[in-house]
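Each remark here refers to the structure printed beneath this line.
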Amino acid sequence: MAGCRTGLIILSLACSLGIWAQESPRIALVLSGGGARGSAHIGVLKALEEMRIPVHMVTGTSMGAIVGAAYATGLSPQEIEQALAQTDWRDIFDDRPPRKDLAYRRKVDDQTYLTRFELGFNHGKFQSPSGLVQGQKLSFVLQSLLIRAVGTEDFHQLAIPFCAVATDIERGEKVVLDHGDLARAVRASMSIPGVFAPIQINGFLLVDGGLVENLPVQEALDMGADIVIAVDVGEPLFEQNQLNSISRITNQMIGMQIRTNVQKSLSMANVIIRPELQGFGSSEFERGPEMVPLGIEAALKMRADLSRLSVPAGEYQAHLEKIRRPHPQLNTFRSVQIVQSAEDQADHLFQHVNIRPGDAFDLERIRTNLQHLYELGDYQRVDFSLNREGDDCDLLLEAQEKDWGPNYLRFGTNLFADFAGDSSFDFLASYNMTQLNRLRAELKLTAQLGESPSLQAEFYQPLSRAETWFAAVSVLSQTADGYFEQSAGLFAPYRIDTGSAVLSLGYQFDRFGAIRIGPAFTRSTLEPQTGPNQGESFDVDVAGLSAVLVWDQFDNMNFPRHGSFVALNYFDANEAWGSESEYKRLVGFLGLATTHGRHTLLSLSNYFSALDTEGPEAQNLGGLFRLSGYQRDSINGRYGASSAVVYLYRIAQLPTAFGDGIYVGGSLEAGNLWSNSQVADWGDLKTSLSLVIGIDTVMGPVYFATGFSEEYDNEVYLYVGRTF
0 MAGCRTGLII LSLACSLGIW AQESPRIALV LSGGGARGSA HIGVLKALEE
50 MRIPVHMVTG TSMGAIVGAA YATGLSPQEI EQALAQTDWR DIFDDRPPRK
100 DLAYRRKVDD QTYLTRFELG FNHGKFQSPS GLVQGQKLSF VLQSLLIRAV
150 GTEDFHQLAI PFCAVATDIE RGEKVVLDHG DLARAVRASM SIPGVFAPIQ
200 INGFLLVDGG LVENLPVQEA LDMGADIVIA VDVGEPLFEQ NQLNSISRIT
250 NQMIGMQIRT NVQKSLSMAN VIIRPELQGF GSSEFERGPE MVPLGIEAAL
300 KMRADLSRLS VPAGEYQAHL EKIRRPHPQL NTFRSVQIVQ SAEDQADHLF
350 QHVNIRPGDA FDLERIRTNL QHLYELGDYQ RVDFSLNREG DDCDLLLEAQ
400 EKDWGPNYLR FGTNLFADFA GDSSFDFLAS YNMTQLNRLR AELKLTAQLG
450 ESPSLQAEFY QPLSRAETWF AAVSVLSQTA DGYFEQSAGL FAPYRIDTGS
500 AVLSLGYQFD RFGAIRIGPA FTRSTLEPQT GPNQGESFDV DVAGLSAVLV
550 WDQFDNMNFP RHGSFVALNY FDANEAWGSE SEYKRLVGFL GLATTHGRHT
600 LLSLSNYFSA LDTEGPEAQN LGGLFRLSGY QRDSINGRYG ASSAVVYLYR
650 IAQLPTAFGD GIYVGGSLEA GNLWSNSQVA DWGDLKTSLS LVIGIDTVMG
700 PVYFATGFSE EYDNEVYLYV GRTF
């Protein structure tokens, strides 16, 4: 077969002698899709340049489109290799912006135990995102990589003529992308269905081109190629003994379809290069640098055939000088525009953009502004494009609202169990209706089923477009266990049915936090769980002033690695407002996190005070990181504090689609609670320690832990949900 292939190549080249007699043959490089395996394309480019083989046109699909487009804009193989090696691919496949930079209103969503997964519920129908990844970060990476194409609408006018192939997901047909926005075209060509959201171009909804033509040889011939060098980096089909899961069966079906169209394309190629990529998966982008040498090796193995296409050193140097275009020198932004479906929303977005006409061109400033808009949480993607006018450019920012918005459902679970027989389970559902008026009011409805059932509704109204001042009204109905004073200094467990309403005026500190203050009214029905009055319920009315301050700069609420979190909750019950008793309450929490490499150190502190009053309700300690060696909520009182120093070591990383880190570690803890300030004695602190295995999953944090104390046998816990 090798001899036959060589013969065909020689015959093909011989047929081109007539062309050679007049001018050099037009050589096309065709790069296949293959995910991360496409890194080998860079090695092929290096080898072709080493052999002085000029490339007159490039076509590509998926990852082949990325490498091919970069080469077509004038980047050298070394520059492409460096750019892809510096790309944090794990981060690219996670659209979430850094949590500390989110709009504070969106941070509030995950201060409970809601999962990050979001469904739309609009007009009576459930809606889901069109891909696991919307491509926010990927789009900017592509725009930056292909910045040399600014001002070039016709891809045939690039340093090297280029086209990419995508699939029209509506009709199942091939779409050739040879004009328009180059980065957007490449993004469409690599939109793996179900992984990346489709891209709309010229009325077509486009996904990965590999479904219809993973190796676009025909497009190279249509562009006028005389000789086609095809590079195939596609994954081989699974063998029978490997087809042992639903995902592999599904992938095999897709792979068979791709392999069929690749075989057809290979039959039209003159030289075929197949890097030996056994052991490399299409998703192993972090191993990309290892595949580059394999591309070089595969191309050099074809030296005997490729050498016939080599040109003299002087001629090749002239070719390189022609295609190596310098980075465009853009001086200023001539104009800045925002494209959004609603004009008043575009005005709102412009307040979050700090680039103005006349400002110096700065790609990093564009990235920062895109991120700021995306962090608002209302958009599935915020893209940019540049229209070059001489040495200046027009900046166009396009904010695409979520297809599944503006009303969203999120769910969560909270599970606790210990070996002492204590357990609880709660299921939480939240429905958030956003953009209810021009000032972007929200109505959030939350329901919880399980050990502590509740219903809550909050209407949140910004008072200006700046969204700093706001008003809110919240109502809550809840049933939960708690501790109230049964006799002087003694607290007993009660089952408590609570109805409450809170009116608030608040101020939001940009992305950092918020303060809110206002009247709060509560009626509770208490039923003792122990003692002579067990089963006899009574009502308690409480009214007063509530003030809450939150500063939230944790990078991750499940397993913080960096940042700080402060919460202060003050309440002043007043008989003049209708309260049955007068008392005060101050509850505080301080969390600090720092990480070096795989090592994370957390400080978690709680503070409780009745401010020299004697309110009826108790605060609680006991449970993981709140004196782990004691049963959950087994320590009660009005005054006290606790502090835990937690060390976590990340032993592994989950795939982005399933979560984040897996940790082992432990904690040292101290604290106590007292019934009043007179008996509080800081020398009477209880101490505890714990050993922990933690997993940061998309469903929330999971902890397996055991706690130790001097007073009790060790406590063994299972937690699913947040513990602080």
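So in numbering that gives the first Met the number 0 the end of the sequence shown lands on 723, straight run, no missing numbers.
Using N, Cα and C, we set each Cβ at its ideal position, and we do this for glycine too.
For A679, the three-state secondary structure derived from DSSP is coil. Taking C-beta atoms as the reference points, L44 and P76 count as a pair closer than 7 Å. CA-to-CA, the gap between D391 and R115 works out to about 41 Å. Looking only at S536, N250, S429 and G481, the smallest Cα-Cα distance to R637 is reached by G481. Excluding five sequence positions before and after A46, the CB atoms of its chain that fall closer than 6 Å to its own CB belong to I295, A298 and L299, given in chain order.
Distance from the CA of D93 to the CA of D680, rounded to the nearest whole angstrom, comes to 49 Å. Relative to the Cα of F458, the nearest Cα in the group F483, F558, G505 and L427 belongs to G505.
Beta-bridge analysis with DSSP links T593 to L600. Rounded to whole angstroms, the Cβ separation of L684 and A669 is 5 Å, and the two are in contact under 8 Å. Nearest in C-alpha terms to G130, of all of K124, D425, H155 and I198, is I198. Listed as beta-bridge partners of D538 by DSSP are T524. Three or more pairs of CB atoms, one per stretch, sit closer than 8 Å, so the region 185–192 contacts the region 161–177. In the DSSP assignment, T686 falls within the unbroken beta strand (DSSP E) covering K685 to T696. According to the DSSP assignment, S641 belongs to the beta strand (DSSP E) that extends over Y638 to Q652.
With distances taken between CA atoms, A68 lies nearest to R183 out of R36, V549, R95 and R183. Considering only G202, G278 and D221, the residue with the shortest C-alpha distance to P235 is G278. DSSP places F139 in the uninterrupted alpha helix (DSSP H) bounded by Q135 to L144. Per DSSP, reduced to three states, the secondary structure at Y482 is strand. Counting along the chain, no beta strand (DSSP E) covers D231, and no H or E run does either. For F237, the three-state secondary structure derived from DSSP is coil. Residue ranges of uninterrupted beta strand (DSSP E) with 3 or more members, entirely inside the region 47–133 and ordered along the chain, are 56–59, 118–121, 124–126 and 130–132.
Q370 sits in a helix when the DSSP states are folded into three classes.
In the DSSP assignment, G411 falls outside any alpha helix (DSSP H) and lies within the beta strand (DSSP E) extending over N406 to D417.
Residues S423, F424 and D425 of the same chain have their beta carbon placed closer than 7 Å to that of E450, with the five preceding and five following residues left out of the count. A Cβ-Cβ separation of about 20 Å leaves R51 out of contact with A229 under the 8 Å criterion. Annotation for P292: the continuous alpha helix (DSSP H) segment containing it runs G287 to K300.
Selection F120, K124, S138 and Q241 evaluated against D90 yields S138 as nearest (Cα-Cα). In this structure, F564 lies near G590, with their beta-carbon atoms less than 7 Å apart. Just measuring C-alpha positions, the residue of A303, A609 and E289 sitting nearest I272 is A303. In this structure, F383 lies away from P356, with their beta-carbon atoms at least 7 Å apart. Bridge partners of V715 according to DSSP: T705. D538 places its beta carbon less than 7 Å from that of T524. Measuring C-alpha to C-alpha distances from H598 to each of G622, R649 and L620 identifies R649 as the nearest. Nearest neighbour of E314 by Cα position, chosen from S604, V54 and Y662, turns out to be V54. For G209, the enclosing alpha helix (DSSP H) starts and ends at G209 to E212. If you check the CB distance, Y378 and P96 do not come in under 7 Å.
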